[in-house]
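Novice: Which chain is which? The protein sequence lines are H and E, in order. In terms of the numbering used here, the first sequence opens at residue 1 and continues consecutively. In terms of the numbering used here, the second sequence opens at residue 1 and continues consecutively. The beta-carbon is built from N, C-alpha and C at its ideal position, and this holds for glycine as well. Here it is, the structure, as structure tokens.
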Amino acid sequence: MKAKIHVTLKQGILDPQGKAIEHALDSLGFKHAANVRVGKYMELDLQESDKAKAEVQVKSMCEKLLANTIIEEYRYELG
Amino acid sequence: MNIGVVVFPGSNCDHDCRHVCQDVLGQAVTMVWHKEASLAGLDAVILPGGFSYGDYLRTGAIARFSPVMQAVKQFAAGGGLVLGICNGFQILLEAGLLPGAMLRNRSLHFICRETYVKVENAATPFTNACKPGQVLKIPVAHADGNYYTDPVTLAGLQANAQVIFRYCTADGRVMPDACPNGSLDNIAGIRNAGGNVLGMMPHPERCAEAMLGNEDGRLIFQSMLTSMGQKQSVGAG
Numbered sequence: 001m002k003a004k005i006h007v008t009l010k011q012g013i014l015d016p017q018g019k020a021i022e023h024a025l026d027s028l029g030f031k032h033a034a035n036v037r038v039g040k041y042m043e044l045d046l047q048e049s050d051k052a053k054a055e056v057q058v059k060s061m062c063e064k065l066l067a068n069t070i071i072e073e074y075r076y077e078l079g
Numbered sequence: 001m002n003i004g005v006v007v008f009p010g011s012n013c014d015h016d017c018r019h020v021c022q023d024v025l026g027q028a029v030t031m032v033w034h035k036e037a038s039l040a041g042l043d044a045v046i047l048p049g050g051f052s053y054g055d056y057l058r059t060g061a062i063a064r065f066s067p068v069m070q071a072v073k074q075f076a077a078g079g080g081l082v083l084g085i086c087n088g089f090q091i092l093l094e095a096g097l098l099p100g101a102m103l104r105n106r107s108l109h110f111i112c113r114e115t116y117v118k119v120e121n122a123a124t125p126f127t128n129a130c131k132p133g134q135v136l137k138i139p140v141a142h143a144d145g146n147y148y149t150d151p152v153t154l155a156g157l158q159a160n161a162q163v164i165f166r167y168c169t170a171d172g173r174v175m176p177d178a179c180p181n182g183s184l185d186n187i188a189g190i191r192n193a194g195g196n197v198l199g200m201m202p203h204p205e206r207c208a209e210a211m212l213g214n215e216d217g218r219l220i221f222q223s224m225l226t227s228m229g230q231k232q233s234v235g236a237g
């Protein structure tokens, strides 16, 4: 089973990279691109066929390492 | 005193710390490779600056799992002095030995320049050689020094005098323009609730001898020596 994990800064926490990209988009003429948030995308293979068990593992990985939950939030897809 | 300097893959200020403790202050220094599981015999431990594990994932995120970090946690729990400088501070945050997290600098730039910090609490093992409110000139060199924590934790840090250094102007005014990186409340350094773990973004080891034109950083190391000396004489008595 493959896990696809997205980690981004929490809403409300300043994302300087997102702001810089937003300004760049604006100067390219994309005037309506707002609230740009930059994140990380990770994918990994799990030796697990049970989706519920895989979810427990991925959640634990996110909490312990992949995201810093003081500043970041995560979401994932399994399949 | 025997001071341990932890060496992670990618540490690059480890020998600067060794130099200051050993050559400038005349102390014994043990370089501690990150695979070590024991800190026995050491009086204090320094986590130096650098780019441990290439800053992969997040600064300090991987270093936190080095075997030595379990030993650092035990050492801190036993009251031992732990000083984290720059990347060392980031590692202490990721390890949960200090509260909060580091964000990318507000400007997105890697900032390498002199800063001024105000000593907000001079009654600590790391600042007892400073005067209360003293302004120190110490350089920073980082891309992720924008300190963040939630409002409740911040209020706790302020109420318990755990904010030790705040970025300020040369004449000691703590104001947003004096903050190089966007840190909450101009925070440049904090300690834990127990008072024996300090994290700071500025590099005191880079300005600890007259030959370099600035000795302000030496005060941090001297404070630690004073504090350890007192602890030892109390123990002996």
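May I have the straight-line CA-CA distance separating PRO99(E) from THR226(E), to the nearest angstrom?
Specialist: 26 Å
Novice: Could you say which of GLU22(H), PRO16(H) and ILE5(H) lies nearest to HIS32(H) if we only look at CA atoms?
Specialist: GLU22(H)
Novice: Please list, in chain order, the chain H residues whose beta carbon lies closer than 7 Å to that of LEU108(E).
Specialist: PRO16, GLN17 and ALA20
Novice: Counting only Cβ pairs nearer than 8 Å, list the residues of chain H close to ARG58(E).
Specialist: ASN68
Novice: Here's the rule I'm using: 16 or more other beta-carbon atoms within 10 Å means buried, otherwise exposed. How should GLU205(E) be labelled?
Specialist: Answer is buried; the Cβ neighbour count reaches 16.
Novice: Using a threshold of 8 Å, state whether the C-beta atoms of GLY199(E) and LEU92(E) are closer than that.
Specialist: yes
Novice: For VAL58(H), which residues in the same chain have their Cβ closer than 8 Å to its Cβ, ignoring the five residues on either side in sequence?
Specialist: ALA3, ILE5, LEU46, TYR76 and LEU78
Novice: Looking at the unbroken beta strand (DSSP E) that takes in GLU73(H), where does it start and where does it end?
Specialist: 72-78
Novice: Alpha carbon to alpha carbon, how far is TYR146(E) from LEU184(E)?
Specialist: It should be noted that the sequence gives Asn, not Tyr, for residue 146(E). If you take the alpha carbons of ASN146(E) and LEU184(E), they lie about 7 Å apart.
Novice: Taking the alpha-carbon positions, what's the ALA249(E) to HIS19(E) distance?
Specialist: This structure gives no information on residue 249(E), because the portion of chain E shown stretches from 1 to 237.
Novice: Do the segment 11-25 of chain H and the segment 98-114 of chain E touch if we need at least three Cβ pairs shorter than 8 Å?
Specialist: Touching, yes, given that three or more Cβ pairs across the two stretches are closer than 8 Å.
Novice: Can you give the Cα-Cα distance for ALA67(H) and GLU73(H), rounded to whole angstroms?
Specialist: 7 Å
Novice: I need the boundaries of the alpha helix (DSSP H) containing GLU22(H), first residue and last residue.
Specialist: 16-27
Novice: In chain order, which continuous runs of the alpha helix (DSSP H) of length 4 or greater are located wholly inside the segment 6-54 of chain E?
Specialist: 14-19
Novice: Please classify ARG173(E) as buried or exposed, where buried requires at least 16 other C-beta atoms within 10 Å of its C-beta.
Specialist: exposed
Novice: For chain H, is any of its Cβ atoms less than 8 Å away from the one on GLN101(E)?
Specialist: For the record, residue 101(E) in the displayed sequence is Ala; it is not Gln. So yes, ALA101(E) belongs to the interface.
Novice: So which of LEU154(E), SER11(E), PRO132(E) and ALA129(E) has the shortest CA-CA distance to PHE51(E)?
Specialist: Of the listed residues, the one whose Cα sits closest to PHE51(E) is SER11(E).
Novice: Between ALA77(E) and chain H, is any beta-carbon pair separated by less than 8 Å?
Specialist: no
Novice: Please report the distance separating the alpha-carbon of ILE187(E) from that of CYS179(E).
Specialist: 8 Å
Novice: Could you check if ASP177(E) is buried or exposed, using at least 16 other CB atoms within 10 Å of its CB as the buried criterion?
Specialist: exposed
Novice: Closest by CA to PRO48(E), which one among SER223(E), LEU136(E) and HIS142(E)?
Specialist: Nearest of SER223(E), LEU136(E) and HIS142(E) to PRO48(E), Cα basis: HIS142(E).
Novice: Taking 7 Å as the limit between beta carbons, can you name the residues of its chain near THR81(H), skipping five residues before and five after?
Specialist: Given that chain H is displayed from residue 1 to residue 79, the structure contains no residue 81(H) and the question cannot be resolved.
Novice: Which residues in the same chain have their Cβ closer than 7 Å to the Cβ of GLY133(E), if we skip the five residues on either side of it in sequence?
Specialist: LYS118, VAL119 and GLY172
Novice: Does the beta-carbon of GLY78(E) have 16 or more other beta-carbons within 10 angstroms, so that it is buried, or is it exposed?
Specialist: exposed
Novice: At the level of alpha carbons, what is the spacing between PRO4(E) and LEU103(E)?
Specialist: The residue asked about is misnamed: residue 4(E) is Gly in this sequence, not Pro. Going from the Cα of GLY4(E) to the Cα of LEU103(E) covers about 28 Å.
Novice: Is the beta carbon of PHE221(E) closer than 8 Å to that of LEU25(E)?
Specialist: If you check the CB distance, LEU25(E) and PHE221(E) come in under 8 Å.
Novice: Can you tell me where the alpha helix (DSSP H) with ALA141(E) in it begins and where it stops?
Specialist: ALA141(E) -> not in any alpha helix (DSSP H); beta strand (DSSP E) instead, spanning 135-142.
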